[in-house]
Amino acid sequence: MSFDVKVIRKEFPILSTEIDGKPLVYLDNAATTQKPQCVIDSLVDYYTTCNSNVHRGAHRLADEATKRFEHARDVVTKFVNASSREEVIWTSGTTESINIVANGLSQLLQEGDEVVVSEMEHHANLVTWQQACKASGANLRIAPVNDAGELRVDLFNEMLNSKTKLVALPHISNALGTINPIKELIKTARAHDAWVLIDGAQGIAHSPVDVQQLDCDFYAFSAHKLFGPTGVGVLWGRKSLLEKWPLWQTGGEMISEVSYQDAKWNDLPYRFEAGTPNIAGVIGMGTAIEWFSQLDMPALQAHERELLSYAEKQAAALEGLTVIGAASEKIGVLSFIMDVGHPADVGFLLDRQGVAIRTGHHCAEPLMKRLQVPGTARASFSIYNTFEEIDVLFEALKKAKNMLA
Ligand code: C6P
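The sequence shown begins at 18 in this note's numbering and counts up one residue at a time.
Laid out in structure tokens, this is it:
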């Protein structure tokens, strides 16, 4: 299989947008990726041809909607190599996926138990556990990172003990791009009989994920960072654990029998899927993953690595720019500060030149404090970005620098 960035770009209509007459240079892919035409078409097609509720109707449209909806579950099952489709729970995204686990955990934790996270967490994988620990009297322990933004694996290992109930770590840091050695970390955690949740919001689009091989207990991700729609995502969980995990929401679909006084719960995966789901979103996610799966993953990874090293070379040559996050294993994320101005000013001036990046703490405020920066400007690359776009980024940064100086 081969990989041609020009061919890929043609599939994304938004990439031919202009901003104030300049071609859009979209470098905010860690926030959300753009959508290929086939994903947009699948949403339109669902609403145009078979809009209906799933699992309920006694009619043709409901059958077709249910068929497409459940097909998407099979697509995800294969994509992450889950051992059964019952392990794939639809959620509104990574945040809800983590909340389902944290809400259950808060009922299972006892005073003195420990939950371990890291200093590089997105708030979704931090505040959730803070709340679970507060509700139960458990202790939240934070594994440190070094100045390059890499997890201190030695200190993480020392932190685990017989009180560790759950370890929750990001596959890849959103703010810095650091790729964590999750296979090794999961192995250590499981040796202590701790459950492991991997926040896969960034990991899912940048490396193959095989949950059986990883041997974690939960893996959470969103469709929108994987070329799919917003408002939908997945909680993958080990079946034996999900079967006994405390309920999340109650209502329709998650029940098997109801009386005025009581109810019995449905089987997996529906047990965690109360109410009408995001049907179009789920179908669109399935299409996105089918589209992504036929690409050449090693070639995509090589392209992203080349984009990063090309950008890093230009960053090193631009006086006054400091890269934040120098992990040896990184995805295409260039987080930086400039000595002439605040990241927000840099972002504003880049936008005037058609370059879209994200600025601020990237929902990782404690990490910014740990690294002693007010926030960063973050350019994050995806499979459709080009070397020419990186040239435009650095031309725009030079102009921004002159304007701010
Ligand atoms: N990071 C970013 O710009 P949701 O919003 O539920 O789809 O994903 C939350 C989330 C959790 N963990 C990590 C590592 C993430 O990167 C994100 C989302 C975006 O970095 C938006 S804040």
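For each residue, glycine too, the CB sits at the ideal point set by N, CA and C.
From the options, residue whose alpha carbon lies closest to that of residue i
{"i": "Asn142", "options": "Thr94, Pro383, Asp284, Glu412", "result": "Pro383"}
{"i": "Leu193", "options": "Gly38, Glu346, Thr403", "result": "Glu346"}
{"i": "Ala332", "options": "Gln318, Arg322, Leu351, Glu321", "result": "Leu351"}
{"i": "Leu338", "options": "Ala373, Leu414, Val409", "result": "Leu414"}
{"i": "Asn295", "options": "Ala165, Trp308, Val162, Gly250", "result": "Gly250"}
{"i": "Trp308", "options": "Trp107, Asp58, Gly217, Leu202", "result": "Asp58"}
{"i": "Pro198", "options": "Phe173, Val275, Leu317", "result": "Phe173"}
{"i": "Gly166", "options": "Met137, Asp62, Ala211", "result": "Met137"}
{"i": "Val170", "options": "His76, Ser135, Ala211, Arg73", "result": "Ser135"}
{"i": "Trp107", "options": "Arg288, Ile36, Ser19", "result": "Arg288"}
{"i": "Pro40", "options": "Asn419, Leu410, Leu421, Ala185", "result": "Leu410"}
{"i": "Glu260", "options": "Arg369, Val118, Leu421, Cys380", "result": "Val118"}
{"i": "Leu388", "options": "Val372, Glu405, Ile354", "result": "Ile354"}
{"i": "Ser114", "options": "Gly303, Asp234, Ala305, Arg395", "result": "Asp234"}
{"i": "Met420", "options": "Arg369, Asp62, Ala344", "result": "Arg369"}
{"i": "Gly303", "options": "Lys52, Asp37, Phe29", "result": "Lys52"}
8 angstroms contact criterion, which residue i and residue j should meet: CB distance rounded
{"i": "Gly269", "j": "Gly301", "result": "That belief does not hold up - the Cβ atoms of Gly269 and Gly301 are roughly 23 angstroms apart, past 8 angstroms."}
{"i": "Ile272", "j": "Trp282", "result": "6 angstroms"}
{"i": "Gln417", "j": "Leu366", "result": "Residue identity check: residue 417 is Ala in the sequence provided, not Gln. That belief holds up - the Cβ atoms of Ala417 and Leu366 are roughly 4 angstroms apart, short of 8 angstroms."}
{"i": "Val97", "j": "Phe86", "result": "Rounded, the Cβ-Cβ distance is 18 angstroms, inconsistent with contact."}
{"i": "Val393", "j": "Pro360", "result": "A small fix is needed here, since residue 393 is Thr in this sequence, not Val. Correct: roughly 6 angstroms between the Cβ atoms."}
{"i": "Ala82", "j": "Cys67", "result": "5 angstroms"}
{"i": "Thr376", "j": "Val363", "result": "7 angstroms"}
{"i": "Thr195", "j": "Gly342", "result": "6 angstroms"}
{"i": "Ser69", "j": "Leu78", "result": "4 angstroms"}
{"i": "Leu258", "j": "Phe20", "result": "About 37 angstroms separates the two Cβ atoms, so there is no contact after all."}
{"i": "Val22", "j": "Gly371", "result": "Their Cβ separation, rounded to whole angstroms, is 19 angstroms, which puts Val22 and Gly371 out of contact at 8 angstroms."}
{"i": "Asp164", "j": "Ala185", "result": "Not really, about 23 angstroms apart at Cβ, beyond 8 angstroms."}
Sequence-distant residues of its chain with Cβ nearer than 7 angstroms to residue i (five each side left out)
{"i": "Met176", "result": "Val133, Arg158, Ala160"}
{"i": "Asn10", "result": "An answer regarding residue 10 cannot be provided, because it is not within the stretch 18 to 422 covered by the chain."}
{"i": "Arg26", "result": "Leu32, Tyr401"}
{"i": "Asn46", "result": "Ser397, Phe398, Ser399"}
{"i": "Gln147", "result": "Leu157"}
{"i": "Ser239", "result": "Gly110, Thr111, Ala218, Gly250"}
{"i": "Lys180", "result": "Gly129, Asp130, Glu131"}
{"i": "Val390", "result": "Ile341, Ile354"}
Cut-off 8 angstroms between Cβ atoms - residues of its own chain near residue i, not counting five sequence neighbours on either side
{"i": "Thr49", "result": "His241, Lys242, Thr247"}
{"i": "Ala423", "result": "With the chain covering only 18 through 422, there is no way to say anything about residue 423."}
{"i": "Lys256", "result": "Ser100, Ser101, Glu103, Glu104, Leu285"}
{"i": "Lys182", "result": "Leu122, Leu125, Leu126, Asp130, Glu131, Val132, Ala155, Ala211, Trp212"}
{"i": "Phe244", "result": "Thr50, Gln51, Lys52, Pro53, Val56, Ala222, Ala305, Trp308, Phe309"}
Any non-hydrogen atom of ligand 3 within 8 angstroms of residue i CB
{"i": "Met355", "result": "Only ligand 1 can be found as ligands here, which leaves ligand 3 out of the picture."}
Cβ-based neighbour list, residue i, same chain, cut-off 6 angstroms, excluding 5 preceding and 5 following
{"i": "Gly349", "result": "Glu321, Leu324, Leu325, Phe398"}
{"i": "Ile407", "result": "Tyr327, Ala328"}
{"i": "Ser153", "result": "Ser123, Leu126"}
{"i": "Val162", "result": "Glu136, Met137, Leu168"}
Legend entry - Length-filtered (3 minimum) beta strand (DSSP E) runs lying within the stretch 207 to 262: 212 to 216, 235 to 239, 250 to 254
Inset, instruction - Would you list, in sequence order, the uninterrupted beta strand (DSSP E) runs of no fewer than 3 residues that lie entirely inside the stretch 99 to 155? - result: 105 to 108, 131 to 135
Legend entry - Every unbroken beta strand (DSSP E) within the stretch 334 to 372, with a cutoff of 3 residues, ordered by chain: 338 to 340, 350 to 355
Inset, instruction - Counting only runs of 4+ residues fully inside the stretch 292 to 338, write out the alpha helix (DSSP H) ranges in chain order. - result: List check, alpha helix (DSSP H) in window: 296 to 310, 314 to 334.
Legend entry - Unbroken stretches of the beta strand (DSSP E), 3 residues or longer, contained in the stretch 271 to 295: Entirely contained in the stretch 271 to 295, the beta strand (DSSP E) runs reaching 3 residues are, in chain order, 272 to 275, 280 to 282.
Legend entry - Complete beta strand (DSSP E) runs within the stretch 23 to 47 (minimum length 3 residues, chain order): none
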